[in-house]
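Remarks on the structure that follows.
Printed below as a string of structure tokens:
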């Protein structure tokens with residue numbers, strides 16, 4: 015048997031061994047891995063002899079060591095061709111005939127850590143992506159101000175900067191999967207969620223510079239896109255953290271995320287962080303525009319509709335394992351995201367029995383206010399059906415509710431916004447993971 | 015005069031006003047901006063009348079509001095066409111005839127925050143970028159271990175993950191600009207520096223699983239590239255933090271940065287974080303390979319050469335304003351990066367008079383161990399020549415030295431590695447910023 019064939023056999027055998035392993039306890043120690051080893055046959059001594067390399071080398075030298083590589087990439091790099099399936103996707107459930115008022119979703123199952131690559135940051139547009147030249151773009155600040163402003167991008171970029179990590183979530187995230195499974199993957203159930211490090215200028219600086227009237231209580235922000243997207247915002251609730259953002263994750267905003275300028279309201283539903291921002295007007299009451307009355311409202315049990323929900327309440331989701339994956343018996347890491355529009359994540363609990371019992375997961379540093387937090391949980395799956403779910407607790411003490419809890423205070427009819435309910439995944443006896451809602 | 019012309023005149027006038035402003039004190043308050051306002055002529059009242067929009071609008075409606083935008087991007091997004099100049103670049107000073115043992119540099123002047131976009135992450139290859147299929151790639155762990163291992167990527171990705179923010183810097187960063195100016199921009203003087211959130215498996219887990227011999231004190235790590243790039247590493251110094259990394263900034267590694275697997279040694283010179291990692295062998299002493307003896311060594315005053323420097327000592331650089339920029343009188347934010355391979359950044363001082371006087375800059379959260387830290391400093395430039403520089407202090411108490419300090423303990427001859435000296439930028443009377451070294 016050739017050396018390479020020998021190695022293939024060894025790897026195959028060792029993989030079988032790994033599949034059979036059941037050694038992982040909740041308390042992870044390095045030693046706890048010793049019983050689920052992927053081992054080479056024979057000892058180190060015999061291995062050296064097989065080598066053709068300068069150093070004793072148990073495997074044949076790979077082809078990539080023997081042919082010159084591709085030239086320097088330089089310019090602006092792209093992901094490996096082997097990652098071509100890791101892309102944003104439109105909804106599988108609500109398929110639009112057009113792509114102008116539409117959205118694409120982040121592949122959360124393929125984004126470790128808390129930073130969403132800009133190329134995978136979710137999109138939501140109401141009439142397409144405008145082409146705006148930053149050299150001619152202007153921001154107007156007017157209304158109840160003593161000194162109305164016209165700011166160019168170079169004016170804005172002379173201000174002192176502030177940079178913060180914040181999540182961004184669409185209020186409609188999850189609206190297809192309230193009562194029964196409609197979507198298959200976590201990209202489809204929760205993918206209107208992303209996180210970036212945002213850089214910009216505090217809104218408060220610019221409003222002060224414009225001499226905002228102390229009697230002004232609301233502003234309206236308007237985008238330079240073909241939908242004329244605009245929202246009314248209560249000044250006292252946003253003034254401390256609202257940002258005029260021009261950069262995300264170490265580069266200027268992407269066109270589909272508001273280039274060259276957007277409003278960033280930390281922790282609030284994404285649609286109020288106006289993209290392609292061109293205008294802010296100060297007044298004394300909301301403008302009640304169509305996007306605040308006919309859309310982006312929440313039905314209540316008494317038949318009325320709630321306006322201006324704004325804040326995204328604490329929520330979490332398991333991203334791995336998740337829908338359409340297949341797991342093997344033995345050790346499986348359960349990992350996912352938790353976030354809250356009202357503060358930091360204080361704790362995340364994980365259940366592997368459909369919510370009967372909960373155990374605390376590990377939170378990965380840094381844990382940042384109004385930012386995605388990564389949680390990890392060690393699970394030793396013995397085989398047999400299981401239902402896995404996560405439950406977030408935030409720094410205000412708020413506990414992520416079940417859908418039944420939400421039903422008590424809101425009417426769940428049709429495509430309802432602000433679904434922050436606990437979301438379960440079913441694991442079948444053969445390890446297939448499927449949407450477990452309802 | 016047409017409305018649009020009127021607005022152009024207003025913006026031009028207001029920009030002149032901004033240029034003339036000299037109001038920024040070191041203590042930034044929002045109010046401190048009130049005297050350098052970009053103002054519209056007239057009051058808010060008159061402005062409403064100029065509008066053709068639904069809401070009173072002082073400027074003509076932009077074209078982008080009146081034509082439908084481009085369709086949803088979906089797939090994997092790219093930067094705006096207006097950002098086409100923000101790319102990695104090869105050295106302007108050391109131009110290779112080939113691009114196989116070469117490097118490209120990060121445009122630090124265009125990367126706000128601390129996250130380097132993967133598309134702009136610096137590159138250094140010794141024989142090009144290999145094409146490695148992750149489905150067939152294997153990591154071998156052998157030598158002084160009781161249970162040699164062959165791990166596939168899917169084996170590795172079943173381990174519990176760890177995710178951390180760390181900087182990466184080439185030991186040669188700055189080697190063209192020790193004694194006199196050779197490079198023009200901060201991309202060319204300091205661009206072999208980037209920062210990412212890395213995800214992978216602790217090296218210690220895998221070595222324990224392989225049953226590492228307690229007598230083993232060094233490992234050698236080898237890449238699957240055509241240079242067979244390899245390095246000897248002292249186990250006791252790396253074991254706590256070394257990572258087998260497969261992801262960066264929320265996606266799998268880029269090909270030019272080691273896809274599908276690399277070693278990550280936090281805080282150490284980049285060349286030891288072996289890319290395209292295929293093999294780790296344990297032993298009792300370094301292997302003294304060519305890259306450790308003929309290259310990557312430091313000349314000492316006594317004529318000897320130091321091997322195994324490894325750790326990157328505390329360093330900082332001002333990225334804005336920096337070489338080839340032109341600033342205007344009045345408020346200018348001085349901002350840049352500070353980092354240390356030995357711990358956290360404790361403080362950054364900024365001088366605007368060539369090092370005679372130093373003032374403390376603001377550090378932006380999060381401040382993370384062995385990670386880039388962003389510093390900001392408010393400067394009111396009155397015009398006239400100036401020399402601006404930054405000085406980092408790390409959590410061990412180490413203070414970033416001057417080049418003269420470094421000369422006392424090392425020989426600065428030719429292309430010397432590990433340049434962590436204080437780096438000045440000259441500002442001319444008309445605001446032109448140039449390399450101020452030497």
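Chains as they are written, first to last, in our numbering: chain E, 15 to 452; chain Z, 15 to 452. C-beta: ideal position from N, C-alpha, C; glycine also.
query: For residue 309(Z), go through chain E and note every residue whose CB falls closer than 9 Å to its CB, in chain order.; result: The contacting residues do not exist; residue 309(Z) stays about 17 Å from chain E at best.
query: In chain Z, which residues lie with their C-beta within 8 Å of the C-beta of residue 290(E)?; result: 78
query: My guess is that residue 87(Z) and residue 143(E) are in contact by the Cβ rule of under 8 Å, so how many angstroms apart are they, rounded?; result: 7 Å
query: Between which two residues does the alpha helix (DSSP H) containing residue 348(Z) stretch?; result: Counting along the chain, residue 348(Z) falls outside any alpha helix (DSSP H), though it belongs to the beta strand (DSSP E) covering 344-353.
query: Tell me whether residue 288(E) sits in a helix, a strand or coil according to DSSP, three-state version.; result: coil
query: Can you tell me whether residue 157(E) is helix, strand or coil according to DSSP?; result: strand
query: Is the Cβ of residue 81(E) closer than 8 Å to any Cβ of chain Z?; result: yes
query: If the criterion is Cβ atoms closer than 8 Å, does the pair residue 94(Z) and residue 257(E) meet it?; result: no
query: Is any beta-carbon of chain E found at less than 8 Å from that of residue 191(Z)?; result: no
query: Does residue 152(E) have its Cβ less than 8 Å from a Cβ in chain Z?; result: yes
query: Listing by chain order, which chain Z residues have their CB less than 8 Å from the CB of residue 434(E)?; result: The contacting residues do not exist; residue 434(E) stays about 22 Å from chain Z at best.
query: Name the residues in the segment 242-266 of chain Z whose C-beta lies less than 9 Å from a C-beta of chain E; which are they?; result: 242, 244, 260, 261, 262, 263, 264, 265 and 266
query: With 16 as the cutoff for other CB atoms within 10 Å, does residue 335(Z) come out buried or exposed?; result: buried
query: Please confirm whether residue 356(E) and residue 281(E) have their CB atoms less than 8 Å apart.; result: yes
query: Taking DSSP as the reference, what is the three-state secondary structure of residue 237(E)?; result: strand
query: Counting only runs of 4+ residues fully inside the segment 142-220 of chain E, write out the alpha helix (DSSP H) ranges in chain order.; result: 167-170 and 200-204
query: For residue 299(Z), report the span of its beta strand (DSSP E) as first-last.; result: It is not in any beta strand (DSSP E) - residue 299(Z) carries neither H nor E in the DSSP assignment.
query: Counting along the chain, where does the alpha helix (DSSP H) carrying residue 307(E) start and finish?; result: 304-307
query: Write down the C-beta distance between residue 261(Z) and residue 126(E) rounded to the nearest angstrom, noting that I regard them as a contact closer than 8 Å.; result: 5 Å
query: For residue 77(E), does the three-state DSSP call read helix, strand or coil?; result: helix
query: Would you kindly report the start and end of the unbroken alpha helix (DSSP H) that includes residue 249(E)?; result: 249-252
query: Nearest CA to the CA of residue 293(E): which residue from 131(E), 152(E), 337(E) and 114(E)?; result: 152(E)
query: Would you kindly check if the distance between the Cβ of residue 128(Z) and the Cβ of residue 377(Z) is under 8 Å?; result: no
query: Is it right to say residue 228(Z) is buried, meaning 16 or more other beta carbons lie within 10 angstroms of its own, or is it exposed?; result: exposed
query: If you measure from the beta carbon of residue 204(E) to each beta carbon in chain Z, is any gap under 8 Å?; result: no
query: Considering only residues of the same chain and omitting the five flanking positions on each side of residue 181(E), which have a CB-CB separation below 6 Å?; result: 209, 353, 385 and 386
query: State yes or no: is the beta carbon of residue 144(Z) nearer than 8 Å to at least one beta carbon in chain E?; result: yes
query: Out of curiosity, what's the CA-to-CA distance linking residue 52(E) and residue 253(E)?; result: For residue 52(E), the predicted structure reports a pLDDT of 41, less than 50, and the residue's modelled location is therefore unreliable. The matter cannot be settled from this model.
query: DSSP state of residue 390(E), grouped into three classes?; result: strand
query: Terminal residues of the continuous beta strand (DSSP E) containing residue 401(E)?; result: 400-408
query: Residue 430(Z) and residue 341(Z) look like a contact to me (Cβ under 8 Å); what is the Cβ gap, rounded to whole Å?; result: Residue 430(Z) to residue 341(Z), Cβ: 31 Å. No contact.
query: Does DSSP classify residue 283(Z) as helix, strand or coil?; result: coil
query: I'd like the list of long-range same chain contacts for residue 277(Z), defined as Cβ closer than 6 Å, with 5 residues on each side in sequence excluded.; result: 235, 287, 288 and 291
query: Just the Cα atoms here: how many angstroms apart are residue 77(Z) and residue 189(Z)?; result: 49 Å
query: I need the boundaries of the alpha helix (DSSP H) containing residue 420(E), first residue and last residue.; result: 417-423
query: Let me check one thing: in DSSP terms, what residues is residue 374(Z) bridge-paired to?; result: 363(Z)
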